[in-house]
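S.K.:
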Amino acid sequence: MRPLKLTLEGFAGVRDGMKRDRITLDLESLPNGLVALTGPNGAGKTTLMDNLHPYRIMPSRAAKLSVDAFSYWDHLCGVQSLKEFDWEHDGRVYRSSFAFRKPGKTGKADYFLSMRDAAGTWNPVELPDGTVADGKAETYDRCVDSICGSLESFFTSVFSAQNRRPLASYGASEIKGLLAELLKIDHLRALSSKAADVAKVLGRSLSVVQQELAGLSAKRERLAHTERSIAADSDSLVVARKERDALQGMAASLTQQRATLVAKQTENAGVEARLQQLAARRAELAATLKTVTQDAAGTAQRCAQRRSTIQQSITAANATLARRDAILGAATQRDEAQLRIARDEALVAPLQATIAALGEKQLALTSLNSSLQGLESQGATKATLLTTLQTQGSVINTVPCAGHEMHNTCPLLSQAREASGQVAELRISLESLRASFRAKHQEAEKLAPKVAELATRRAELQALTAALTASRRDFERATELASQKPLLDAATAALEAAQRDQQVISDEETASRTRCEEQTVLITAQQREVESEVSRLAAVDVTAAITAVGLQLSKCREAIAVLDGRIEALIRSQAMREAERDAIAKELAGEGATQSRANRISDEIASWKLLAKGLGNEGVVALTIDDAGPALTQTVNDLLLACYGPRFTVEIRTQRELASGEVREGFEILVHDADRDSTKAVGVMSGGQKVWINECLTRGIALYLASNAGQPYRTLFSDESDGPLDPERKLQFMRMKREVLRQGGYEREFFISQTPDLIDEADAIIDVAALAV
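Numbering-wise (our numbering), the sequence shown opens with residue 258 and increments by one.
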């Protein structure tokens, strides 16, 4: 693959580094050899390098070498973006066109791959299998992979991106897949995958056949169960038929017995008529006895009810007679209560008049006390005012102008003169208040002893009122009891009548009981006579025997009908199970063929699995890789010797020995240090040493592909691979680049470096800073 022309539009790295929305690089005119991309950090060098290939990925920005781990949208700006890349591969010129549109929150991307024909016309690439580059990502990736190989092999062998994964970190399966593709034996892995798919398909067919066998096995068990059920039905059928034969013999015997009894019953027709009469007489006597018993019970119930009523009357009369003394003494108590009421009522009126007079005096005393409080308050106020006025009036005699003409006209002493004039009036008013206070106070002292008697009089009136109320209550109770005196005679008469009624009821009960006993004895005797005659006649009556035999015959026939139904059900069940047995046996006839088919499929699966393993990573692929290992190792070591001297020698091991001594497939890169006579894995070497070894491995793979695998890559790429190297190693690093170009027949290598000495060694320089606006 040789880059010819690159156009980028709307890429954030170009905009930020070069201040341009669009840039075009014409790479076809550059000389062969080493081409350096230079410029300060952030100028856009890696953005240009990451797009100098046709794959849908910017390898320095991807988390891993997969289009699914990278998104162009994170590195675009603006509504529309474009990548157009012209490149040559295997004598044909192609154009990769990426169009990105994001007018809103969501974007759309189209990926087209065209090939230029002899007339200069660009046509969509079409693969032999009919796949056409139609703008879809999947078809574009399929077309690029068919032309340039897989993305993993390209970025592992000829394109060294920043932050690339070292080969030493690859697992055994990963390195084998990569080497299988690089050695052009990945078709064997495809065949292995197809063989595995065939084994899976056959496995599904085997599962179906095994399910059929499992079903046949279940049917075999069902056949055995059915045969056991048929045998059980046969045994049950034999038992049921024996039971039916026994019941049929019993029924025939019972039928003969019944015929004999019916003939005997015909001979004794008169006995049967008499038995019917006796049965009627027996029923009549039972009804009569029941009636007598019911009459006796009804009489006893009525007597009990009457006795209860009489007992209630006796109880009430006794209660009245128990109060005879209280009723007879109630008249005397009533008269005494009436005398007390008259005496107490005569005392109430005078006491109420006294209390009313004392109440008026209490009101007068209260009014006097209120007046005394008012007079006392007025006297205190006027005494205070008198003192104040005397103080103000005394100023007249104490001022310095006393005795002068202006003393009587001085306006400053006007208030003092007014106060002096008011003192005499206020003294007179105060004396009048004092005289009134003394008079009212003497009157209040006279009323106070009399008012003190009011509480005593009111207590006397309350006690008298309570005594009067109690006397009136006693009078009412005594009056009520005295009014009940006529009830005593009535209670005595009612008690005598109740005693007579009790005697009558007792006589009536005795007569009813005697009559019931006599009738019961008579009826019982008649019943015994009837039963005796019935017993005598029953000896020659066969009606009961006929009934018993008929009942037995009916039960026997019912049992025969049940057995007939059971026998019929057993016959139907046996026939159905025999038909089922024949059908299952017919289905089981093909079990041998099914088992043979399962065995054939199982053998075929084993063969396809063996083929899949033989063509896979553990088979031919592993052998081919083992064969290529020494040549690849020799290429890497020759490159190390030519560029870095004889110190380091690389050993690639494709197998590893277990602790048990067994050998397993694996992948390990060991480095032998001749100066220190030591061997260690690449992962534990220093940073600069890792760069040497990894770059030699990468370029060794590229040289191996160019010389042995026929991979027509014509250009190499590396992005700041010399970072950890010291100045001397960087110069050796450049010599390695030229040696790789020479040995592999490559035309160019595009590289990025921040070391001026390395840039000076380049055959052509692309100054990215100069491309900025």
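For every residue, glycine included, the Cβ atom is placed at its ideal position computed from N, Cα and C. Keep in mind the model is a prediction, meaning the values are calculated, not measured.
What residues are listed by DSSP as bridge partners for Trp344?
M.R.: Walking along the sequence shown from the start, residue 344 turns up at place 87. Pro260, Tyr351, per the DSSP bridge assignment.
S.K.: In whole angstroms, give me the CA-to-CA distance for Gln514 and Glu478.
M.R.: As a working mapping, residue 514 is identified with position 257 in the sequence shown. As a working mapping, residue 478 is identified with position 221 in the sequence shown. Roughly 54 Å separates the two Cα atoms.
S.K.: Shortest alpha-carbon distance to Ile487 belongs to which of Arg829, Gln1011, Ala692?
M.R.: For the purposes of this step, residue 487 is identified with residue 230 of the sequence shown, where counting begins at 1. Nearest to Ile487 by C-alpha distance, out of Arg829, Gln1011, Ala692, is Arg829.
S.K.: Using a threshold of 6 Å, is the CB atom of Thr413 nearer than that to any non-hydrogen atom of the ligand PLP?
M.R.: Annotation note on the ligand PLP: not contained in the displayed structure, which lists no ligands.
S.K.: From Leu927 to Val997, what distance separates their C-alpha atoms?
M.R.: Here residue 927 corresponds to residue number 670 of the sequence shown, with the count starting at 1. Here residue 997 corresponds to residue number 740 of the sequence shown, with the count starting at 1. The C-alpha of Val997 is placed about 22 Å away from the C-alpha of Leu927.
S.K.: Counting Cβ pairs closer than 8 Å, one from the region 998–1008 and one from the region 274–291, do we hit at least three?
M.R.: yes
S.K.: DSSP on Thr363, reduced to helix/strand/coil?
M.R.: In the sequence shown, residue 363 corresponds to position 106, counting from 1. Of the three classes helix, strand and coil, the one that applies to Thr363 here is coil, per DSSP.
S.K.: Just confirm the distance between the C-beta atoms of Leu511 and Cys813, as a whole number of angstroms; I'd bet it's less than 8 Å.
M.R.: Stepping through the sequence shown from its first residue, residue 511 is reached at position 254. Stepping through the sequence shown from its first residue, residue 813 is reached at position 556. Rounded, the Cβ-Cβ distance is 6 Å, consistent with contact.
S.K.: Keeping to the same chain, check which residues put their C-beta closer than 7 Å to that of Phe732; ignore five residues upstream and five downstream.
M.R.: Sequence index remark: in the sequence shown, residue 732 carries index 475 (1-based). The residues are Arg591, Ala594, Gln595, Ile598.
S.K.: If you drop the 5 nearest sequence neighbours on each side, which residues of the same chain put their C-beta closer than 7 Å to that of Gly460?
M.R.: Walking along the sequence shown from the start, residue 460 turns up at place 203. Correct list, in chain order: Ile862.
S.K.: Relative to the alpha-carbon of Leu725, which residue among Ile314, Ala606, Ser410 has its alpha-carbon at the smallest distance?
M.R.: The residue you call residue 725 lines up with position 468 of the sequence shown. Closest option to Leu725, Cα to Cα, is Ala606.
S.K.: In whole angstroms, what separates the C-alpha of Cys334 from that of Thr972?
M.R.: Residue numbering aside, residue 334 sits at position 77 when the sequence shown is read from its first letter. Residue numbering aside, residue 972 sits at position 715 when the sequence shown is read from its first letter. Cα to Cα, the separation comes out at about 30 Å.
S.K.: If you draw a straight line from the alpha carbon of Leu827 to that of Leu494, how long is it in whole angstroms?
M.R.: Working through the sequence shown from its first residue, we reach residue 827 at position 570. Working through the sequence shown from its first residue, we reach residue 494 at position 237. About 6 Å.
S.K.: For Tyr970, which beta-bridge partners are listed by DSSP?
M.R.: In the sequence shown, the residue the question calls residue 970 occupies position 713. According to DSSP, which records beta bridges pairwise, Tyr970 is partnered with nothing at all.
S.K.: DSSP three-state label for Thr388, please.
M.R.: Along the sequence shown, one-based indexing puts residue 388 at 131. DSSP places Thr388 in coil when its eight states are reduced to three.
S.K.: Between which two residues does the beta strand (DSSP E) containing Thr295 stretch?
M.R.: Working through the sequence shown from its first residue, we reach residue 295 at position 38. Segment 290–295, the beta strand (DSSP E) holding Thr295.
S.K.: Tell me, please, whether the region 555–574 touches the region 753–764 by the rule of three or more beta-carbon pairs shorter than 8 Å.
M.R.: They touch, by the three-pair rule.
S.K.: How many whole angstroms separate the CB atoms of Asp386 and Asn380, which I take to be in contact at a CB cut-off of 8 Å?
M.R.: Stepping through the sequence shown from its first residue, residue 386 is reached at position 129. Stepping through the sequence shown from its first residue, residue 380 is reached at position 123. Incorrect: roughly 17 Å between the Cβ atoms, too far for contact.
S.K.: If you draw a straight line from the alpha carbon of Glu469 to that of Thr851, how long is it in whole angstroms?
M.R.: In the sequence shown, the residue the question calls residue 469 occupies position 212. In the sequence shown, the residue the question calls residue 851 occupies position 594. Between Glu469 and Thr851, the C-alpha separation is close to 8 Å.
S.K.: Enumerate in chain order the residues of its own chain whose CB-to-CB distance from Leu615 is below 8 Å, with the five nearest sequence positions on each side excluded.
M.R.: Your numbering for residue 615 matches position 358 in the sequence shown. Closer than 8 Å at Cβ, skipping near neighbours: Lys707, Val708, Glu710, Leu711, Arg714.
S.K.: Reducing DSSP to helix, strand and coil, say where Tyr312 ends up.
M.R.: Position 55 of the sequence shown, counting from 1, holds the residue named residue 312. In the three-state DSSP reduction, Tyr312 falls in the coil class, being neither helix nor strand.
S.K.: By Cβ distance, which residues of its chain are closer than 8 Å to Ala394, with the 5 residues on each side in sequence left out?
M.R.: Within the sequence shown, the letter at position 137 stands for residue 394. Only Arg313, Val324, Ala366, Tyr368 meet the Cβ criterion.
S.K.: How long is the line joining the alpha carbons of Ala320 and Ser328, rounded to whole angstroms?
M.R.: Here residue 320 refers to the residue found at position 63 of the sequence shown. Here residue 328 refers to the residue found at position 71 of the sequence shown. So the two alpha carbons sit approximately 10 Å from each other.
S.K.: Which residues in the same chain have their Cβ closer than 7 Å to the Cβ of His332, if we skip the five residues on either side of it in sequence?
M.R.: Walking along the sequence shown from the start, residue 332 turns up at place 75. Excluding residues within five positions, the ones whose Cβ falls inside 7 Å are Phe268, Ala269, Gly270, Met315, Arg318.
S.K.: Got a sec, what are the start and stop residues for the beta strand (DSSP E) Trp379 sits in?
M.R.: Counting from 1 along the sequence shown, the entry for residue 379 is found at position 122. It spans 379–381 - the beta strand (DSSP E) in which Trp379 sits, taken as one unbroken run.
S.K.: Just to confirm, are Ala1029 and Lys302 a CB contact at a threshold of 7 Å?
M.R.: In the sequence shown, the residue the question calls residue 1029 occupies position 772. In the sequence shown, the residue the question calls residue 302 occupies position 45. Against a cut-off of 7 Å, the Cβ pair of Lys302 and Ala1029 comes out as no contact.
S.K.: So, under 8 Å CB-CB, Ile584 and Leu745 are touching, yes? Tell me the CB distance rounded to an integer number of Å.
M.R.: Mapped onto the sequence shown, residue 584 falls at position 327. Mapped onto the sequence shown, residue 745 falls at position 488. The pair is a contact, with the Cβ atoms about 6 Å apart (cut-off 8 Å).
S.K.: What did DSSP end up calling Val415 once you bin it into helix, strand or coil?
M.R.: If you number the sequence shown from 1, residue 415 lands on position 158. Coil.
S.K.: Gln1000 to Leu960, Cα distance in whole Å?
M.R.: Reading the sequence shown from its first residue, position 743 is the one you call residue 1000. Reading the sequence shown from its first residue, position 703 is the one you call residue 960. The straight-line gap from Cα to Cα measures roughly 7 Å.
S.K.: How far does the beta strand (DSSP E) with Ser864 in it extend, from its first residue to its last?
M.R.: For the purposes of this step, residue 864 is identified with residue 607 of the sequence shown, where counting begins at 1. Unbroken run through Ser864 is the alpha helix (DSSP H), 848–872; no beta strand (DSSP E).
S.K.: Just to confirm my understanding: we take Asp1024, look at its own chain, exclude 5 residues before and 5 after, and list those with CB closer than 7 Å. What are they?
M.R.: Numbered from 1 along the sequence shown, position 767 holds the residue referred to as residue 1024. Thr295, Gly296.
S.K.: Could you give the distance in angstroms between the alpha-carbon of Ala573 and the alpha-carbon of Arg559?
M.R.: Mapped onto the sequence shown, residue 573 falls at position 316. Mapped onto the sequence shown, residue 559 falls at position 302. Taking the straight line from one Cα to the other gives about 22 Å.
S.K.: According to DSSP, is Met372 helix, strand or coil?
M.R.: Working through the sequence shown from its first residue, we reach residue 372 at position 115. Of the three classes helix, strand and coil, the one that applies to Met372 here is strand, per DSSP.
S.K.: Less than 8 Å between C-beta atoms, sequence neighbours within five positions excluded: which residues of the same chain meet that for Ala508?
M.R.: Locating residue 508 in the sequence shown gives position 251, where the first residue counts as 1. Residues of the same chain with a CB within less than 8 Å of the CB of Ala508, apart from the 5 flanking positions on each side, are Leu810, Cys813, Arg814, Ile817 in chain order.
S.K.: Report the start-end ranges of each alpha helix (DSSP H) in the region 475–505 that is 4 residues or longer and not cut off at the edges.
M.R.: none
S.K.: Which of the three DSSP states is assigned to Ser978 in this structure?
M.R.: For the purposes of this step, residue 978 is identified with residue 721 of the sequence shown, where counting begins at 1. Of the three classes helix, strand and coil, the one that applies to Ser978 here is coil, per DSSP.
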